[in-house]
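Written out below as structure tokens is the structure these notes cover.
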Amino acid sequence: MTKVKKAVIPAAGLGTRFLPATKAMAKEMLPIVDKPTIQFIVEEALNSGIEDILIVTGKAKRPIEDHFDANLELETNLIAKGKNELLKVVEETTDVNLHFIRQSHPKGLGHAVLQAKAFVGDEPFIVMLGDDLMKDTIPLSKQLIQDYEKTHASTIAVMEVPHEETSKYGIIHPEGQVEEGLYNVKNFVEKPSPDQAPSDLAIIGRYLLTPEIFELLENQAPGAGDEIQLTDAIDALNRTQRVFAREFKGKRYDVGDKFGFLKTSIEYGLEHREVKEALEDYLIELGQELLDKKTVDEVPETKEEQ
Ligand code: UTP
22 MTKVKKAVIP AAGLGTRFLP ATKAMAKEML PIVDKPTIQF IVEEALNSGI
72 EDILIVTGKA KRPIEDHFDA NLELETNLIA KGKNELLKVV EETTDVNLHF
122 IRQSHPKGLG HAVLQAKAFV GDEPFIVMLG DDLMKDTIPL SKQLIQDYEK
172 THASTIAVME VPHEETSKYG IIHPEGQVEE GLYNVKNFVE KPSPDQAPSD
222 LAIIGRYLLT PEIFELLENQ APGAGDEIQL TDAIDALNRT QRVFAREFKG
272 KRYDVGDKFG FLKTSIEYGL EHREVKEALE DYLIELGQEL LDKKTVDEVP
322 ETKEEQ
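Taken in order, the sequence shown gives residues 22 to 327; the numbers are from the numbering used here.
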């Protein structure tokens, strides 16, 4: 059996939900406290045993590439000032086998993944969306690899979402579980309205795919939003070979959404060595202020004012 060694991180979307911040900067570079989102994704890949990573970039390619490259001027400066801790933090980002390719037009996630065809070759691989952070005791990519080691089949990560939100996601039509949390799938539907959705199990940003997906992507007509949809190609793949869905039970953070980004920053801040205590005190104080304000706003008006 071929080992899963390669990951593809599509990071070429327009990030319209986060404008104007994403006008000149990829949303994958937005920092969570002090680390760009994409660095968390790269770390998840490495912690899952991935050896080679391809990042699909768009116009804002340079900052991503520079972030994972050595910065000699900065390193020399940190050495001269004896800032060894910071030096270690900076150097950690360069110790990865990274490759880059450009998606010249953002024609959709499926089209972004297709750019990885030559890099992937004839091997199974992982797709990790650059704006989705996943937290669990076993990294989600590793869970998918463990499934692959048993099934030798493509496996897509899914998670239960509120029924009224199905139109934001690819949704699966499950057909029974082969083991706890691992579903057979009848079909995959991109962004169905709640009344059309076959379940509330939504595709989230991790996919383990067999290389046969590329031929399907090459022939995939544009779907929802006039984009080449990865979900549509996965649905086609499921008609010729088995594709499973693994239900993720950990926590997912959608960093490409404004509110999602704020929640992620707060929750990661509450675990960050340097700021956690100050942030906790601040949140308690702020929470109390908000509660007091709410109580005052809710107190009935005085008799004279009535
Ligand atoms: P999103 O659905 O979040 O799309 O893409 P988007 O265009 O980046 O963001 P919004 O909705 O306009 O705010 C999911 C992932 O797929 C990548 C994105 O970078 C993101 O990581 N993507 C999407 C591409 O690489 N290329 C594309 O053409 C579309």
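No residue lacks a Cβ here, since even glycine has one placed at the ideal position from N, Cα and C.
Contact test: residue 244 Cβ vs the ligand UTP heavy atom, cutoff 7 Å: What you label residue 244 is simply residue 223 of the sequence shown in a count that begins at 1. False, no ligand heavy atom lies under 7 Å from that Cβ.
Residue 129 beta carbon near the ligand UTP (any heavy atom closer than 7 Å): For this step, residue 129 is matched to residue 108 along the sequence shown. Residue 129 Cβ: within cutoff of the ligand UTP.
Heavy atom of the ligand UTP within 7 Å of residue 37 beta-carbon: Taking the sequence shown and counting its residues from 1, one reaches residue 37 at position 16. Yes, the beta carbon of residue 37 sits closer than 7 Å to at least one heavy atom of the ligand UTP.
Rounded straight-line distance, which links the Cα of residue 169 to that of residue 161: As a working note, residue 161 is residue 140 in the sequence shown. As a working note, residue 169 is residue 148 in the sequence shown. So the alpha carbons of these two residues sit roughly 13 Å apart.
Counterpart residues of residue 82 in DSSP-defined beta bridges: Taking the sequence shown and counting its residues from 1, one reaches residue 82 at position 61. The partner list for residue 82 (beta bridge, DSSP) is empty, contrary to what the question assumes.
Cβ neighbours of residue 33 in the same chain (closer than 6 Å, five flanking residues each side left out): Looking up residue 33 in the sequence shown gives position 12. So the list reads 77, 78, 79, 124, 127, 133, once near-sequence residues are dropped.
Residue range of the unbroken beta strand (DSSP E) whose run includes residue 199: Along the sequence shown, read from residue 1 onward, the residue named residue 199 stands at position 178. Note, residue 199: beta strand (DSSP E), 191 to 200.
Alpha carbon of residue 283 to alpha carbon of residue 298, nearest angstrom: Here the question's residue 283 lines up with position 262 in the sequence shown. Here the question's residue 298 lines up with position 277 in the sequence shown. Spanning the two alpha carbons is a distance of roughly 18 Å.
Residues near residue 107 by beta carbon distance below 6 Å, same chain, minus five either side: One-based indexing of the sequence shown puts residue 107 at position 86. For residue 107, where only same-chain residues beyond five positions count, the Cβ hits under 6 Å are 99.
Stretch-stretch touch, CB-based, cutoff 8 Å, three pairs: the region 176 to 189 with the region 222 to 240: Yes: the two stretches touch, three or more of their Cβ pairs being nearer than 8 Å.
Buried or exposed (CB count within 10 angstroms, at least 16 for buried), residue 22: For the purposes of this step, residue 22 is taken as the residue at position 1 of the sequence shown. Around the beta carbon of residue 22, a 10 Å sphere encloses fewer than 16 other beta carbons of the protein chains shown; the residue is thus reported as exposed.
Exposure of residue 91, with buried meaning 16 or more beta-carbon neighbours within 10 Å: Reading the sequence shown from its first residue, position 70 is the one you call residue 91. Looking at its Cβ environment, which holds fewer than 16 other Cβ atoms inside 10 Å, residue 91 is exposed.
Delimiting residues of the beta strand (DSSP E) encompassing residue 216: In the sequence shown, counting from the first residue as 1, residue 216 sits at position 195. Neither: residue 216 is in no beta strand (DSSP E) and is coded neither H nor E.
Contact the region 62 to 69 vs the region 136 to 153: 3+ CB pairs below 8 Å: Judged by Cβ distances under 8 Å, the region 62 to 69 makes contact with the region 136 to 153, as three or more pairs qualify.
Of the listed residues 225, 44, 55, 24, nearest to residue 294 (C-alpha basis): Taking the sequence shown and counting its residues from 1, the one referred to as residue 294 is at position 273. Per the Cα distances, 55.
Where the alpha helix (DSSP H) through residue 179 begins and ends: Counting from 1 along the sequence shown, the entry for residue 179 is found at position 158. Premise fails: residue 179 lies in the beta strand (DSSP E), 175 to 181, not in any alpha helix (DSSP H).
Residue 234 and residue 254 closer than 8 Å at C-beta: Position 213 of the sequence shown, counted from the start, is the residue given in the question as residue 234. Position 233 of the sequence shown, counted from the start, is the residue given in the question as residue 254. Yes.
Residue burial classification, residue 163 (beta-carbon count within 10 angstroms, cutoff 16): Numbered from 1 along the sequence shown, position 142 holds the residue referred to as residue 163. In this structure residue 163 is buried. Its beta-carbon is surrounded by 16 or more other beta-carbon atoms within 10 angstroms.
Beta carbon of residue 252 nearer than 8 Å to that of residue 211: Here residue 252 refers to the residue found at position 231 of the sequence shown. Here residue 211 refers to the residue found at position 190 of the sequence shown. Against a cut-off of 8 Å, the Cβ pair of residue 211 and residue 252 comes out as a contact.
Straight-line gap, residue 204 to residue 259 (C-alpha atoms, nearest Å): Walking along the sequence shown from the start, residue 204 turns up at place 183. Walking along the sequence shown from the start, residue 259 turns up at place 238. Looking at the two C-alpha atoms, the distance is approximately 13 Å.
Residue 128 (DSSP reduced to helix, strand or coil): Counting from one through the sequence shown, the residue named residue 128 turns up at place 107. Secondary structure of residue 128 (DSSP, three-state): coil.
Any alpha helix (DSSP H) of 4 or more consecutive residues that is wholly inside the region 211 to 259: Taken in chain order, the complete alpha helix (DSSP H) segments of 4 or more residues contained in the region 211 to 259 are 234 to 239.
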